[in-house]
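With the first letter of the sequence shown counted as 1, position 153 gets the number 153 in full-length UniProt numbering; the numbers rise by one all the way through.
All residues carry an ideal CB built from backbone N, CA and C; glycine is no exception.
Predicted model only: the values in this text are computed from it and were never measured.
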Amino acid sequence: MREASLIGVELPEVRKGDDLASLICSSVSLRDRDVVAVASKVVSKAKGYLLDVSKVRPSERAIRIASALGMDPRWVELVLSQSDDVLGVIPVKELYDSGVLRLEDVAYDAEAARRALERFPYLFIVRRSGMIWTDAGIDASNVPGGLYAVPPPDPDAEARELSNSIASRCGARVAVVLCDTEVSVAGASTDRAIGSYGIRPVDRGFGKPDRNGVPKYGGVDHIANEVCASAALLARQTSESIPVVVVRGISYEWYEGGLRDFSMRQPTEALRAVIRASLRALGPDALAKLVGDLAP
Numbered sequence: 001m002r003e004a005s006l007i008g009v010e011l012p013e014v015r016k017g018d019d020l021a022s023l024i025c026s027s028v029s030l031r032d033r034d035v036v037a038v039a040s041k042v043v044s045k046a047k048g049y050l051l052d053v054s055k056v057r058p059s060e061r062a063i064r065i066a067s068a069l070g071m072d073p074r075w076v077e078l079v080l081s082q083s084d085d086v087l088g089v090i091p092v093k094e095l096y097d098s099g100v101l102r103l104e105d106v107a108y109d110a111e112a113a114r115r116a117l118e119r120f121p122y123l124f125i126v127r128r129s130g131m132i133w134t135d136a137g138i139d140a141s142n143v144p145g146g147l148y149a150v151p152p153p154d155p156d157a158e159a160r161e162l163s164n165s166i167a168s169r170c171g172a173r174v175a176v177v178l179c180d181t182e183v184s185v186a187g188a189s190t191d192r193a194i195g196s197y198g199i200r201p202v203d204r205g206f207g208k209p210d211r212n213g214v215p216k217y218g219g220v221d222h223i224a225n226e227v228c229a230s231a232a233l234l235a236r237q238t239s240e241s242i243p244v245v246v247v248r249g250i251s252y253e254w255y256e257g258g259l260r261d262f263s264m265r266q267p268t269e270a271l272r273a274v275i276r277a278s279l280r281a282l283g284p285d286a287l288a289k290l291v292g293d294l295a296p
């Protein structure tokens, strides 16, 4: 029998300048080869990656976009300033208002949820540091009023620094994965990895023989994402105060690099290849139908 365990670590309110490694080491007994999943927001708070919306001066582009969407131009400017490229817009409020998504299925308090939708009726799909995000990962939950937490600019470096600091503070050699919550295709959310150190984030199982000796087609598990998704079962998103989860007992390959080593090298070319293959196999009518189904 194989067994792994999750240990939720409650921390006091983290503020700029706090030694996160010391807080973790004083709150849980760590062992060599534990994997420490850390909410990226707690790293942002400790490092001071916080923005004051009252000090934001919207650009002309932000004002134009905000006017078209009925949003606060300062918020739009925050998103633009933290994005390498804006790829699209998700009309979240419209999806709930039209019944495409059912608010009663997901709301703790329907009226409070509607007020939140009035404030943020749209999500921006952006590219930031080689990853796709909604709203560039900016978040106002569990931070002081008027402030917004932004993801660390180099999550792999933060994971490496935290792993080394933990080794120095409490003597345990652990892998660290930085986690952040993102919207999934189904409209719910899931936790994913945005940075890592000490653990090979993507498994190399492609072509590995299965139990019948047949080379596996696939088998490329995203281990770092699986760590974050597992940790989210304890961490959650609101008032649980569990920003750190220790994942103990899993087998993994120690890796000195980070998650960014495994980012898609040419995403635009990958999309072109999908379109070319679809046209070749299904013809232009199928592609036109897809575009028509997605169009308003």
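Name the two residues that bound the continuous alpha helix (DSSP H) containing residue i.
| i | result |
| --- | --- |
| R280 | P267 to L282 |
| D72 | Taken as a continuous stretch (DSSP letters only), D72 belongs to no alpha helix (DSSP H), as it is neither H nor E. |
| I242 | Looking at the DSSP string, I242 is not in any alpha helix (DSSP H), and its letter there is neither H nor E. |
| L101 | Careful: L101 lies outside any alpha helix (DSSP H) and carries neither H nor E. |
Which residue comes first and which comes last in the beta strand (DSSP E) that contains residue i?
| i | result |
| --- | --- |
| V227 | Taken as a continuous stretch (DSSP letters only), V227 belongs to no beta strand (DSSP E), being part of the alpha helix (DSSP H) at I223 to A235. |
| S5 | S5 to V9 |
| L87 | D85 to I90 |
Residue i: buried (16+ other C-beta within 10 angstroms of its C-beta) or exposed?
| i | result |
| --- | --- |
| L178 | buried |
| S168 | exposed |
| F206 | exposed |
| T268 | exposed |
| R128 | buried |
| P12 | exposed |
| M264 | exposed |
| A4 | exposed |
| I275 | exposed |
| D156 | buried |
To the nearest angstrom, how far is it from the Cα of residue i to the Cα of residue j?
| i | j | result |
| --- | --- | --- |
| V244 | A277 | 43 Å |
| C228 | K16 | 24 Å |
| D203 | R115 | 42 Å |
| R280 | G48 | 51 Å |
| C25 | G257 | 23 Å |
| R211 | A140 | 48 Å |
| A193 | L259 | 8 Å |
| T190 | S67 | 31 Å |
| M1 | E77 | 53 Å |
| A62 | S81 | 10 Å |
| N164 | K93 | 43 Å |
| I223 | V100 | 32 Å |
| L20 | F124 | 31 Å |
| L147 | W75 | 11 Å |
| G8 | V247 | 9 Å |
| D154 | G195 | 8 Å |
| L30 | G219 | 30 Å |
Quickly, what does DSSP pair residue i with across the bridge? List them, please.
| i | result |
| --- | --- |
| S196 | V177 |
| P215 | P209 |
| F120 | For F120, which the question treats as bridged, DSSP gives no partner whatsoever. |
| V126 | V86 and W133 |
| R248 | S5 |
| D191 | T181 |
| V202 | H222 |
Please report whether the beta-carbon of residue i lies at a distance below 9 Å from any beta-carbon of chain B.
| i | result |
| --- | --- |
| P58 | Among the protein chains of the structure shown there is no chain B, as only one such chain exists. |
Requested in this report: Could you tell me which uninterrupted beta strand (DSSP E) segments, each at least 3 residues in length, are contained entirely in the region 130–188, listed from first to last along the chain?
Outcome: Every unbroken stretch of the beta strand (DSSP E) spanning 3 or more residues and falling wholly within the region 130–188 is given here in chain order: 131–134, 147–149 and 175–183.
Query - Segments of 4+ residues assigned as alpha helix (DSSP H) that fall wholly inside the region 25–65 - result: Runs of the alpha helix (DSSP H) spanning 4 or more residues and lying entirely within the region 25–65 occur at 40–47, in chain order.
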